[in-house]
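Once you know that position 200 of the sequence shown is 199 in numbering that gives the first Met the number 0, the rest is easy, because the numbers rise by one and skip nothing.
All C-beta atoms in this analysis are idealised placements derived from N, C-alpha and C, irrespective of residue type, glycine included.
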Amino acid sequence: MSYPFDRFIERKVVLAFSFLCALTWLLVKLTSEVIEGDALRVDQIIVQALRHADNTPIGPPALVDIARDITALGSPIVLSLLVIVTTVGLRLAQQQLMAGAVLVSSMSGFGATLLMKTAIARGRPAAAYRLIEVSGMGFPSGHAMMSSVIYLTLAILVAKASREVRIKLFVLSVAMTLAGLVGLSRVYLGVHWFTDVVGGWVAGAVWALACWIGVDRLSQGVQS
0 MSYPFDRFIE RKVVLAFSFL CALTWLLVKL TSEVIEGDAL RVDQIIVQAL RHADNTPIGP
60 PALVDIARDI TALGSPIVLS LLVIVTTVGL RLAQQQLMAG AVLVSSMSGF GATLLMKTAI
120 ARGRPAAAYR LIEVSGMGFP SGHAMMSSVI YLTLAILVAK ASREVRIKLF VLSVAMTLAG
180 LVGLSRVYLG VHWFTDVVGG WVAGAVWALA CWIGVDRLSQ GVQS
């Protein structure tokens, strides 16, 4: 009786692992392009398209405030608070595996972000383009990567706990939308090249998906 279900689970994991490999290849390819400088021309075109001739941002003045508010959703403070609250809540609900997954995913993701930034050491757009103060290296975007890691990890865990397909699609769509908006706000604010953000999105997705595969394997082991 359990054979069809077990086979479905295995197919699901194989599909997820295949997707993980594809994302990893994309990240390696993009990183190579960034290191070699091949992506800079496209990045410059995009940044310049978001500015007038005098380097003022395109769009109404309110758009700058909106971008600042959106980018805060990927800030270390907001994401750290979200991780702490979620982890404590899961522990109180006796969901130790889920709590550990959130904590490990976020902490290891943060470490990976710092490691990649240090190793690649890519500069940011010129200060004339920036609408907020920033520091540190550019690739990958920490806001884009960590918002992808944390929002996608939380969404995947919620999706895993639900049997409703529409709920799974909803939470995953919300997570991707939030991470997408955070990343785009970094480009609009002039603090990251577009490929910095794409690299952050892809790296974050890799991390979140790897976390899901690990949790799925562990949960299957516990149940067996």
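- The C-beta of A174 has 16 or more other C-beta atoms within 10 Å across all chains shown, which makes the residue buried.
- If you compare the alpha carbons of R216, Q47 and V63 with that of I131, the shortest gap goes to V63.
- Rounded to whole angstroms, L19 and K28 show a C-alpha spacing of 14 Å.
- Boundaries of the alpha helix (DSSP H) harbouring T117: Q95 to I119, taken from the DSSP string.
- Annotated three-state conformation of P59 is coil, per DSSP.
- In this structure S172 is exposed. Its beta-carbon is surrounded by fewer than 16 other beta-carbon atoms within 10 angstroms.
- With distances taken between CA atoms, A61 lies nearest to L188 out of V84, L188 and G199.
- Note on geometry: alpha-carbon atoms of T55 and A66 lie some 14 Å from one another.
- Residue pairing of R50 in beta bridges, as defined by DSSP: P56.
- About 16 Å separates the beta carbon of V170 from that of S104, a gap too long to meet the 8 Å contact definition.
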